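Working notes for the structure below.
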Amino acid sequence: MSRSSIRSFISIPISKSLSSLSAASRQTIVSGGVRGRTKGTRWPPNFGGARSHSTTTPSNDHHGGRRLITAFVGGTAITTILVGSQLDSTASKNESSTPVSNVESSPPGTRRIRLSEVKQHGADSPEPWVARGTSVYDITHWVSAHPGGEVILRAAGGSIDPYWKIFSIHNKQDVYDILEQFKIGEIDLLDLVDGRVPQEAIEDPFENDPLRDPRLRTLTAKPCNAETPSTGLAPFLTSNNFFYVRNHMWVPDVPESEHRLTIELPDGEEKCYTMEELKKRFHMHKITATLQCSGNRRNDMTVHARPTNGLQWTVGAISSAEWEGVMLRDVLVDAGLNTQNLPDHAKHAQFSGLEAYGASIPISKAVDPSGDVLLAFKMNGEDLPRDHGYPLRVIVPGNVAARSVKWLRKVVISDEESTSQWQRRDYKCFGPNVQNPDWSKAKSIQEMPVTSAITDISNASYFVHDKENTNAASPLTVSGYAYSGGGHEIVRVDISTDCGQTWDQAELLDDKTHGSKAWCWKRWRYSGANLKGEGKTKLTLLVKATDESYNTQPKDHASIYNARGNLATAWHRVDIALRGGEAV
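So that you can map any letter, position 573 of the sequence shown is 572 in numbering that gives the first Met the number 0, and since no number is skipped, the others follow by simple counting.
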């Protein structure tokens, strides 16, 4: 079998939806309810304002399943059992038309509410309401549980339906079910037209998003979340068009000449920089770093443990690039921060993006000369693509990619973490038993644990019935990546071809890097595996990695299960089923 044929086993997984969702899905609600502009007006690139709050991280209820993909190798059917995610670039399957009136079928005593009263409960009201279909919901308590709640408040005082048609990631039944908890009544029949609430046309804020490579494996289109295909994971540096995309909102479109970066110090003093000033006044640096989503391999946890709440990434929510820019530490010093004797209330560096996203890192990481935190303008020798932060992105090597804020507009040195929902109520982990987490008691994910994955399998021709040797075998070449956060170098990759009964070591490939520490993944290759057809029905490949501090991966996902599906770092496995002459 050719390399390209078997590569397709890894790069084109299929899945089925799971009807049941974890209780944690109740933490996810209506974050797509954005108060839009009417047709003809433009969405501002810094939508969300200085507070940079939102409501909740978009999630996906397409949980992974399995599919047997069969190919013939020298007369033997070899079937790879793969784990994948539902690929629906339009999310059209989740869309439903605006419901016709529920008023007549409502229980006796249901409150009838005029549209004029709904409008009184807009974004500035202490009790914001939204309508879906003809039902009205008081979202006061939900918004109060999410700092800021900028996004859903844009829909307050009116119908949320037009916005969910745009933010299709939220246009699904589990979100509707959660919203029902907040229902307070029905729109009065006097305000309905043909049984529906009148709606204004709004402009799609995603209309100006950049074009993406169709070979990316798209999980959601609006906002775009797409992972790198296996072919893109093979090189040491991921090409810009194959670099995985993780967006929470639409992509800002701001000319470099108009962009400004503001630094705010603990005493409230601010200093503003143009892009030209950043490039001319500070020494340029190159850092080679891997960025990985905390949900990378979440689908493995779903399949091998229990359903998880979140985008069902397989092995491609990770990529590596050479980043070029100026050190954050140098800019902070220029702005007036004494990094040698930090003020007592300088504990965190908060980052805010143009599209309302926010995150933070400990100040110790931000000012550490060996921490290599970069304000990047370039990616693999080119200007940052819009999907990856143009014109400015902070790169926090060794940390979860959620801290490498794109479209960076402001850095605040503060005594507390970012108040953004993505810092306070997401990107955290809890025990396997926790279904209703207390987010305030968990630490935010920063440095990433050890992980590894098989991304490519290839072999020579194989014959089941070798007259001279019934145990004839065909060498199998397996390759992939291994990565550990915090700058810890990968020192060993172990591989097993018999479901963990025996192990051997893979070859680690040397690649040139820039940076103070090992911020990049390690590519590996193993050519010792054999396919033995006589008496074999299945070959199970396992891989696990160890870093320089002898941190290694857990054996299974059940032991590290969390309802959010973060840090799915158990041994990676690929099953190859064998049947002489027949497909399984």
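Don't be surprised by glycine CBs; every beta carbon is placed ideally from N, CA and C. Nothing here was measured: the structure is a model prediction, and the numbers come from that model.
Residues near residue i by beta carbon distance below 6 Å, same chain, minus five either side
i      : result
Asn561 : Cys428, Phe429
Glu269 : Thr261, Glu263
Lys364 : Gly370
Cross-strand partners of residue i (DSSP beta bridge)
i      : result
Gln291 : Ile317
Glu323 : Lys285, Lys377
Trp570 : None, per the DSSP bridge assignment.
His347 : Pro361, Ser413
Lys270 : Ile262
Glu226 : Arg216
Glu446 : Asn398
Lys427 : Ser443
Thr476 : Ser457
Leu407 : Gly352
Ser495 : Leu541
Asp546 : Ile489
Val135 : Ala130, Gly184
Straight-line Cα distance separating residue j from residue i
i      : j      : result
Leu152 : Val372 : 34 Å
Phe71  : Arg572 : Low per-residue confidence applies at Phe71: pLDDT is 28, beneath 50, and the placement is therefore not dependable enough to give any value.
Glu488 : Thr133 : 57 Å
Ser351 : Tyr389 : 14 Å
Lys554 : Gly315 : 21 Å
Pro436 : Val192 : 43 Å
Ala569 : Arg524 : 19 Å
Ile360 : Arg195 : 47 Å
Gln26  : Ser526 : With a pLDDT of 30 at Gln26, under the threshold of 50, the modelled position of that residue is not reliable, and the figure given next carries that caveat. Whole-angstrom Cα-Cα distance: 45 Å.
Pro474 : Gln172 : 48 Å
Leu215 : Asp343 : 46 Å
Phe242 : Gly309 : 20 Å
Ser443 : Gln500 : 36 Å
Ala452 : Gln420 : 30 Å
Ile112 : His120 : 12 Å
Pro228 : Asp190 : 50 Å
Ser548 : His258 : 41 Å
Pro197 : Ser158 : 9 Å
Gly156 : Arg424 : 25 Å
Trp322 : Ser105 : 58 Å
Lys543 : Pro213 : 31 Å
Tyr175 : Lys278 : 48 Å
Leu507 : Gly485 : 19 Å
Ala225 : Thr139 : 33 Å
Asp493 : Gln504 : 5 Å
Ser439 : Gln422 : 10 Å
Pro125 : Val142 : 10 Å
Pro384 : Phe376 : 10 Å
Cut-off 8 Å between Cβ atoms - residues of its own chain near residue i, not counting five sequence neighbours on either side
i      : result
Ser584 : No answer is possible for residue 584: the residues shown for the chain start at 0 and end at 583.
Phe281 : Val325, Met326, Asp329, Val330, Asp333
Three-state secondary structure assigned by DSSP to residue i
i      : result
Ser483 : coil
Ser115 : helix
Leu189 : helix
Arg41  : Bear in mind that the predicted position of Arg41 carries a pLDDT of just 39, short of 50, making it unreliable; the figure below should be weighed with that in mind. Three-state result, Arg41: coil.
Gly231 : helix
Ile159 : coil
Thr501 : coil
Ile181 : In the sequence as presented, Ile is not what sits at residue 181; that position holds Phe. Helix.
Thr454 : strand
Leu264 : coil
Ser391 : In the sequence on display, residue 391 carries Leu and not Ser. The answer is coil: DSSP assigns Leu391 none of H, G, I, E or B.
Glu506 : strand
His523 : For the sequence presented, residue 523 should be read as Trp rather than His. It is a strand residue.
Asp371 : coil
Arg563 : coil
Ile165 : helix
Ala130 : strand
Asp208 : coil
Asp555 : coil
Contacting residues, own chain, Cβ-Cβ under 7 Å from residue i (five flanking each side not counted)
i      : result
Ser88  : Annotation note: pLDDT 33 at Ser88 (below 50); position unreliable, no value reported.
Glu564 : A quick correction: the sequence has Gly, not Glu, at residue 564. Within the same chain, Gly564 has close Cβ partners Gly294, Arg297, Met300, Thr301, Thr307, Asn308, Gly309.
Thr273 : Arg259
Ser403 : Leu290, Arg392, Val393, Ile394, Val395
Ile286 : Trp322, Asp371, Leu373, Ile394, Pro396, His513, Gly514, Trp518
Residue i CB to nearest heavy atom of the ligand ADP below 7 Å
i      : result
Thr273 : In terms of ligand content, the structure shown is empty, and the ligand ADP therefore cannot be addressed.
Residue-level contact to chain B via CB, residue i, 8 Å cutoff
i      : result
Gly357 : You won't find chain B in this structure, because it holds only one protein chain.
| task | Would you be able to state if there are at least three C-beta pairs under 8 Å between the segment 314-332 and the segment 217-235? | result | yes
| Does the segment 327-334 come within contact of the segment 292-301, defined as at least 3 CB pairs closer than 8 Å? | Remark: fewer than three beta-carbon pairs, one from each stretch, lie closer than 8 Å, so the segment 327-334 and the segment 292-301 are not flagged as touching.
| message | Tell me whether the segment 446-460 and the segment 405-425 touch, counting them as touching only if at least three CB pairs, one residue from each stretch, are closer than 8 Å. | response | no
| task | Decide yes or no for the touch test of the segment 182-190 against the segment 205-215: beta carbon pairs closer than 8 Å, at least 3 of them. | result | No: the two stretches stay apart, fewer than three of their Cβ pairs being nearer than 8 Å.
| Cβ pair count under 8 Å reaching 3, the segment 328-344 against the segment 385-399 | No, the segment 328-344 is not in contact with the segment 385-399.
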